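Protein chains: 2
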Amino acid sequence: MPNKKDPKQNILDTSIALIAKKGFSAVGVREIAKKSKVNISMISYYFGGKTGILKAIIETYFTLVGDILKDIIDVDLPAETELKKVITGLVKLINEKENLCRVALLEMPLDVPEIANYKLEMVKRNMRFVGKKLEDGFNISDKTKHVIIGHAFISLVYSNFIFGKLRRKEFNIIFDDKFFETYTDIITTIFLHGVYGINDVCCPDKRNQKNKNNKK
Amino acid sequence: MPNKKDPKQNILDTSIALIAKKGFSAVGVREIAKKSKVNISMISYYFGGKTGILKAIIETYFTLVGDILKDIIDVDLPAETELKKVITGLVKLINEKENLCRVALLEMPLDVPEIANYKLEMVKRNMRFVGKKLEDGFNISDKTKHVIIGHAFISLVYSNFIFGKLRRKEFNIIFDDKFFETYTDIITTIFLHGVYGINDVCCPDKRNQKNKNNKK
DNA sequence: AAATAAATCAAACAATCGTTTGATTAACAA
DNA sequence: TTGTTAATCAAACGATTGTTTGATTTATTT
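Chains as they are written, first to last, in this note's numbering: chain A, 41 to 256; chain B, 41 to 256.
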């Protein structure tokens, strides 16, 4: 795997692959070092310790997600269009960096408050984004619903990758660009039709009035 | 935590709580034994080793899910009604045994083929169930879509619990029965409206013809 | 070329890992 | 009660954990 010259990046890349596969605690520094073809001590040298790797991974992920959201927020678009773009952007990110996303999403080191708190803050920030869109574009203002739908949104977008380990060879599907296109379409459709359904509004594509519907 | 007399059950209960919180590899047998108030050797004695605990957890979970599905399949109902009942049943299970579900769902010990293969088989079985419902009740026959929507289904149902660690205190929401009722409603609505959306069919509640719509 | 800094290395650190042993106690059957 | 099995225990097993040390090599600067 490590073909590049940069040892720090090698460690990071190897770690992402290993942690995505086995979980953070199950991966040892010796295994990382060996596969990265660097000395064990280089991990502490570059990352200050094993947890430093996880920190770097999680920070990288939320920076990438932040960039995606920022680009979309900057242009002023209807909430529905924005959500569509967010889904497309996130699926693209998953497609490109599946392991990174997996690790950042599923690992939650409660014993390292620095990382745990950072991640919590980022999740809350992203949740606030979804909540705002639900309020602006879908007339859903109840905070409890925001939390439920917010989590549903993330789970939906990442659905094929959270449990992805299994499926790779078992469901014989080719994960090409066409798959990701289909995937994006289906997830977008489910979420938008689903959320409109909460407000008893149907056929979002054909709908022409806006914000005139009542809550369920 | 261990108030009961049965040491085996104590070990299991403690393990479920700990593994749900920190992940299987991050939990040590000494920690389990201490909190269970049993001797360390009792773990090997009752479960044959640490991985035996995980095996027991995962088997318990899929047995419970199997029972839920069986009860629903036995009565002959329309696909939509069946899916509604499945969601209700699963959310109820999550409500009652959140930690068990978390562990069984997220832990995938690839280094223990016996458990990994068992889990894979169970997931495939449940996936086949959803696939059949999509075919029967929603005119969706494409296998790739079955996989995508099947994963989406599971992710949706479990959405508030996969990332639940964080949210507990942070989003100040009371997780009472009313919450789980709202949660079930929202998830059901999103999924059903969402899947009907894939077929360009709107307002599933108001729809009165069946299986007469074309695929997108 | 000499001096300074950065990077890499093998080796050892204490701590913890899961498991096993063999003795001891508790429970139950004959 | 005696004999037998089941359950529990402290202690130790070797292996592995993440981290650090101090020497050595490589790279950069003076």
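Built from N, CA and C at the ideal position, the CB exists for glycine as well. Since the structure is predicted, the reported quantities are computational estimates derived from the model, not experimental observations.
So, at 6 angstroms on beta carbons, what are the nonlocal neighbours of residue i in its own chain, with the 5 sequence-adjacent residues on each side left out?
i, result
"residue 59(A)", "67, 143"
"residue 152(B)", "91"
Quick one: what's got a C-beta closer than 8 angstroms to residue i's C-beta in the same chain, skipping five residues either side?
i, result
"residue 69(B)", "80, 83, 90"
"residue 150(B)", "156"
"residue 199(B)", "227"
"residue 131(A)", "197, 220, 223, 224, 227"
"residue 133(A)", "104, 105, 108, 141"
Flag this pair as yes or no: are the beta carbons of residue i and residue j separated by less than 8 angstroms?
i, j, result
"residue 135(B)", "residue 56(B)", "no"
"residue 126(A)", "residue 189(A)", "no"
"residue 229(B)", "residue 124(B)", "no"
"residue 112(B)", "residue 129(B)", "yes"
"residue 109(B)", "residue 169(B)", "yes"
"residue 73(A)", "residue 87(A)", "no"
"residue 63(B)", "residue 63(A)", "yes"
"residue 166(B)", "residue 105(B)", "yes"
"residue 147(B)", "residue 164(A)", "no"
"residue 195(A)", "residue 76(B)", "no"
"residue 186(A)", "residue 171(A)", "yes"
"residue 213(A)", "residue 159(A)", "no"
"residue 162(A)", "residue 102(A)", "yes"
Of all the CB atoms in chain B, is at least one closer than 8 angstroms to the CB of residue i?
i, result
"residue 210(A)", "yes"
"residue 215(A)", "no"
"residue 123(A)", "no"
"residue 187(A)", "yes"
"residue 203(A)", "yes"
"residue 102(A)", "no"
"residue 219(A)", "yes"
"residue 146(A)", "yes"
"residue 117(A)", "no"
List, in order along the chain, the chain A residues whose C-beta lies closer than 8 angstroms to that of residue i?
i, result
"residue 5(B)", "What is shown of chain B runs 41 to 256, which leaves residue 5(B) out entirely."
"residue 222(B)", "184, 185, 188"
"residue 133(B)", "Those within 8 angstroms of residue 133(B) in chain A number zero; the least Cβ separation is about 17 angstroms."
Beta-carbon of residue i versus every beta-carbon of chain A: anything under 8 angstroms?
i, result
"residue 237(B)", "yes"
"residue 94(B)", "no"
"residue 130(B)", "no"
"residue 174(B)", "no"
"residue 140(B)", "no"
At 7 angstroms on the CB atoms, spell out the chain A contacts of residue i, in chain order.
i, result
"residue 63(B)", "63, 65"
"residue 234(B)", "229, 230, 231, 233, 234"
"residue 58(B)", "Neighbours of residue 58(B) on chain A: none; closest Cβ ~11 angstroms, over 7 angstroms."
Leaving aside the five residues before and after residue i along the sequence, list all residues of the same chain whose C-beta is less than 7 angstroms from its C-beta, in chain order.
i, result
"residue 329(A)", "This structure cannot settle anything about residue 329(A), because the visible part of chain A is limited to 41 through 256."
"residue 177(B)", "118, 119, 120"
"residue 78(B)", "47, 50, 51"
How would you list, in chain order, the residues of chain A whose beta-carbon sits under 9 angstroms from the beta-carbon of residue i?
i, result
"residue 90(B)", "Chain A residues near residue 90(B): none, gap ~12 angstroms exceeds 9 angstroms."
Can you name the residues of chain B whose CB is closer than 7 angstroms to the CB of residue i?
i, result
"residue 164(A)", "210"
"residue 109(A)", "By Cβ distance, chain B contributes nothing, its closest Cβ being about 18 angstroms from residue 109(A), past 7 angstroms."
"residue 52(A)", "Correct list: empty, because the minimum Cβ distance to chain B is about 21 angstroms."
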